[in-house]
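Trainee: Let me begin by handing over the structure; questions about it come next.
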Amino acid sequence: MSDYLVIVESPAKAKTIGKYLGKKYSVKASMGHVIDLPKSQMGVDVEENYSPKYITIRGKGPILKELKQAAKKAKRIYLAADPDREGEAIAWHLADSLNIDKDSECRVVFNEITKQAIKDSFKHPRMINANLVNAQQARRVLDRLVGYNISPLLWKKVKKGLSAGRVQSVAVKMIIDRENEIKAFKPEEYWSVTAKMTKDNHQFEAKFMSLDGKKKELKTKSDVDNILAKLTGDTFHIEKVKRKERKRNPVVPFTTSSLQQEAARKLNFRAKKTMMLAQQLYEGIDLGKGGTVGLITYMRTDSTRLSETARQEAKDYIETHYGKEYHNQSSGNSKQKANSQDAHEAVRPTSVMKDPKTIKSYLSRDQYRLYKLIWERMVASQMAPAVMDTMSVDLTNNGVMFRASGSKLKFPGFMKVYIEGNDEGKEEKDRLLPAMEEGETALSEKIDPNQHFTQPPPRYTEARLVRTMEELGIGRPSTYAPTLDTIQRRGYVALEDKRFVPTELGEIVLELIEEFFPEILNVEFTAEMESNLDAIEEGDQNWVQIIDRFYTGFEKRLKTAEEEMKEVEIKDEPAGEECEKCGHDMVFKMGRYGKFMACSNFPNCRNTKAIMKEIGVKCPKCSEGNIVERKSKKRRLFYGCDRYPECDFISWDKPISRPCPKCESLLIEKKSKKGVNVHCTECDYKEDSN
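One rule links them: number in the working numbering = place in the sequence shown (from 1) + 27.
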């Protein structure tokens, strides 16, 4: 019989910890929550101070029974769930179920699963933190009051299976608002002028900046022609040369949000996948003779703080492998954001000495890639700034001023290890200029005017949406990935080309919520509620009072909605064509990803077809059909002729209605990491997005 019983959430975590604690400890897994609110009802007694009605989760009875039997045999029980609100609530429910005194020192927490951290944490057990439990309980009750009141209303007024949530509804609204911005956007023409110049047989580029000392916007070709008409000959005078040294500071270590964003940009990982892999790295990986060890610290955090031990270890590694000049002597803990709880450290390797290359053979491909990203980011955060030599040259010809900019990496610093990604995919590269001094001249070989059109704001990627939610204070580290997953599973939004687009169903539901429950969609209100939950965690607010302030107004609006919300009947509309399989009429139906065509003879005939959306462009191949949007089996968008299979025209790039001004052929929009450029399909005509 073991003297001590330790309860964690997962078998992987139990296996790792068990190896560190020895034979006197029995480590068992609760498999997450064993007690929760019932799924079949709201489970909140509004009349009794919003008292939750907890039950044993279906299927968890045998697990709880096993834990109770083990608890009876143990001299002492430790509850070692994750170090956050959710983990505290799991410990609280287990204490209640196993008759453990909640005021006893039964709670053990650790931010990393390493031998030393585990042994240290068991030397300092504490009581269950009631404030953390209350904050988690307040979130659950609040979400139940919203979801379990609005959702049945949507079932009744719209269709079965719909749901509404406090954070998810705001996320859907952000996506729909962005889509409306894009639809309302009117592109504006503008021009740029680039000169290809030479100096002492060295070529370089310069861009038009000003005319007669004043900045000049080039909105039309006429503006460009006026500038070009001012030029006299091909000699430009070097009027001003500016040289300076510029430092680029390293980025801070990862938070949950920045990890999800960077993994999306660099590794093409969805938020859900990033968190799954991070959980595996945190709970422990078998490193052969090295045993099972947690490779990263806890992955749900909004802090960028590093412990003194971690910073010292990074310093030793950097100075040994790169040299003392590469360590940032002034690097300390970065300033935290105003709403950061700073309960944990940043997401970092548990030991910098576990270089990704040395443990690669023990990791799956994706585990390795994510660990390498976290390792490099943490090491780089403690390295010296990169130093760039920059040079700016103003060249003039009859009052027309062009500017050339150049830079050269003088000292790589942290960039030797890691360079942060960006949404545009642009990389900083050396742009060398020839030696130039004021009073000298350069020659222009060619001057290129380029037409551009302003672009609409981009649709949200997962990374961009997470970043925006974080900036607005919507949700917390533990909620980003589940929120994005939920709004897709409900069919309110879909991913096209890795960007969110709203579905018709999402727009219908949002319109109803916006009319009757505007506070649910109010960004400021949602952010304030998150701040209130943080205040409950700190012990500065009473959770019942916070819930009551919200519910008093919400209940009134709920009654109004029940009386005044009109039923939205989503009827099957005639599609105006017959089913090619059985001859019955085809109808439009509402599905998870919006409308589609289906046979009215369902279920006898299960024929379905995607709705073809015309984009206003004639087919360039047959000249008879129209180009329509289609989707591949993997839901990738492409464009084809509506006369298929008679005409097999296909394009992965979107054709546009205006012809090429150079050869009258088809123009297409080509997407790249730098934006959207317009290309001709036949000649070399091209329009840059910037």
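A virtual CB, placed ideally from N, CA and C, is assigned to each residue, including glycine.
Note that the coordinates shown come from a computational prediction; the quantities given were computed from them, not determined experimentally.
Using three-state DSSP, classify Asn161 as helix, strand or coil.
Mentor: Looking at Asn161 - three-state DSSP - the assignment turns out to be helix.
Trainee: From which residue to which residue does the beta strand (DSSP E) around Leu428 run?
Mentor: Per the sequence presented here, residue 428 reads as Met, with Leu not at that position. Note, Met428: beta strand (DSSP E), Val427 to Phe438.
Trainee: Return the residue from the list Arg167, Thr423 and Pro152 that minimises the CA-CA distance to Thr506.
Mentor: For the options Arg167, Thr423 and Pro152, the alpha carbon positioned closest to that of Thr506 is the one of Arg167.
Trainee: Is it right to say Glu497 is buried, meaning 16 or more other beta carbons lie within 10 angstroms of its own, or is it exposed?
Mentor: buried
Trainee: Cα separation between Ile82 and Tyr175?
Mentor: 17 Å
Trainee: If contacts are defined as beta-carbon pairs under 8 Å, then Pro720 and Pro277 qualify, I think. What distance do you get, rounded to the angstrom?
Mentor: With the chain running from 28 to 717 in the structure shown, residue 720 is simply not present.
Trainee: Who are the Cβ neighbours of Ala290 in its own chain at under 7 Å, not counting the five residues just before and after it?
Mentor: Phe296, Thr301, Leu397 and Leu400
Trainee: At which residue ranges does the segment 90–144 contain complete alpha helix (DSSP H) runs of 4 or more residues, listed in the order of the chain?
Mentor: 112–124
Trainee: State the start and end residues of the unbroken beta strand (DSSP E) segment that holds Ser53.
Mentor: Tyr52 to Ala56
Trainee: On the DSSP bridge list, what partners appear for Thr83?
Mentor: Ile62
Trainee: Quick check on this structure: which residue in Ile323, Ala407, Asp612 and Glu596 has the alpha carbon closest to the alpha carbon of Ala341?
Mentor: Ala407
Trainee: Comparing C-alpha positions only, which one of Ala97, Ser558, Phe623 and Asn161 sits nearest to Trp119?
Mentor: Asn161
Trainee: Assign Glu538 to one of two classes, buried (16 or more other C-beta atoms within 10 Å of its C-beta) or exposed (fewer than that).
Mentor: exposed
Trainee: Quick check: the Cα distance between Cys649 and Ser684, rounded to an integer number of angstroms?
Mentor: Rounded to the nearest angstrom, the two C-alpha atoms are 16 Å apart.
Trainee: In angstroms, rounded to a whole number, what distance separates the CA positions of Gln394 and Leu308?
Mentor: 7 Å
Trainee: If you pair each beta-carbon of the segment 219–233 with each one of the segment 460–478, do three or more pairs fall below 8 Å?
Mentor: Touching, yes, given that three or more Cβ pairs across the two stretches are closer than 8 Å.
Trainee: For a quick check, are the C-beta atoms of Asp711 and Asn704 less than 9 Å apart?
Mentor: no
Trainee: Which runs of the beta strand (DSSP E) spanning at least 3 residues fall entirely within the segment 194–277, listed in chain order?
Mentor: You should have 216–226, 229–238 and 262–275.
Trainee: Cα separation between Tyr519 and Asp669?
Mentor: 28 Å
Trainee: Identify whether Ala521 lies in helix, strand or coil by the three-state DSSP scheme.
Mentor: strand
Trainee: Taking only runs that begin and end inside the segment 539–627, name each unbroken alpha helix (DSSP H) of 4 or more residues, in chain order.
Mentor: 550–564 and 570–591
Trainee: In angstroms with no decimal places, state the Cα-to-Cα distance between Tyr31 and His151.
Mentor: 15 Å
Trainee: What does the alpha-carbon distance come out to for the pair Ile177 and Lys586?
Mentor: So the two alpha carbons sit approximately 11 Å from each other.
Trainee: Can you give me the start and stop residues for the beta strand (DSSP E) that Glu641 sits inside?
Mentor: Lys640 to Lys645
Trainee: Exposed or buried, what is Ser281 when buried is set at 16 or more other beta-carbons lying within 10 Å of its beta-carbon?
Mentor: Note on identity: in this sequence residue 281 is Phe, with Ser being the wrong assignment. When all chains shown are included, Phe281 counts as buried.
Trainee: Give the range of the beta strand (DSSP E) segment to which Met405 is assigned.
Mentor: No beta strand (DSSP E) holds Met405; the alpha helix (DSSP H) holding it covers Arg392 to Ser408.
Trainee: Drop a sphere of 10 angstroms on the beta-carbon of Thr43, count the other beta-carbons inside from all chains shown, and report buried for 16 or more, exposed for fewer.
Mentor: By the 10 Å Cβ count, Thr43 comes out buried.
Trainee: Could you give the residue range of the beta strand (DSSP E) that holds Asp512?
Mentor: Taken as a continuous stretch (DSSP letters only), Asp512 belongs to no beta strand (DSSP E), being part of the alpha helix (DSSP H) at Tyr507 to Arg516.
Trainee: Could you check how far apart the C-beta atoms of Asn158 and Ile563 are, in whole angstroms? I think they sit under 8 Å.
Mentor: Contact between Asn158 and Ile563 holds, with the beta-carbon distance rounding to 7 Å and staying under 8 Å.
Trainee: Please state whether DSSP places Tyr31 in a helix, a strand or coil.
Mentor: strand
Trainee: What does Glu656 pair with, by DSSP beta-bridge criteria?
Mentor: Lys640 and Tyr666
Trainee: On the criterion of 16 or more Cβ atoms from any shown chain inside 10 Å, does Gly667 qualify as buried, or is it exposed?
Mentor: buried
Trainee: Go to Lys5, then tell me how far its alpha helix (DSSP H) extends in each direction, as first and last residue.
Mentor: Coverage of the chain is limited to positions 28 through 717, which leaves residue 5 absent and any answer about it impossible.
Trainee: So, does the segment 252–262 touch the segment 378–394, judging by three or more C-beta pairs under 8 Å?
Mentor: The way I'd put it, the segment 252–262 doesn't touch the segment 378–394; fewer than three beta-carbon pairs between them come closer than 8 Å.
Trainee: Determine which residues share a DSSP beta bridge with Gln339 and list them.
Mentor: BP columns for Gln339 are empty, so no partner.
Trainee: Check each candidate in Val251, Thr513 and Asp147 and name the one with the smallest Cα separation from Val427.
Mentor: Val251
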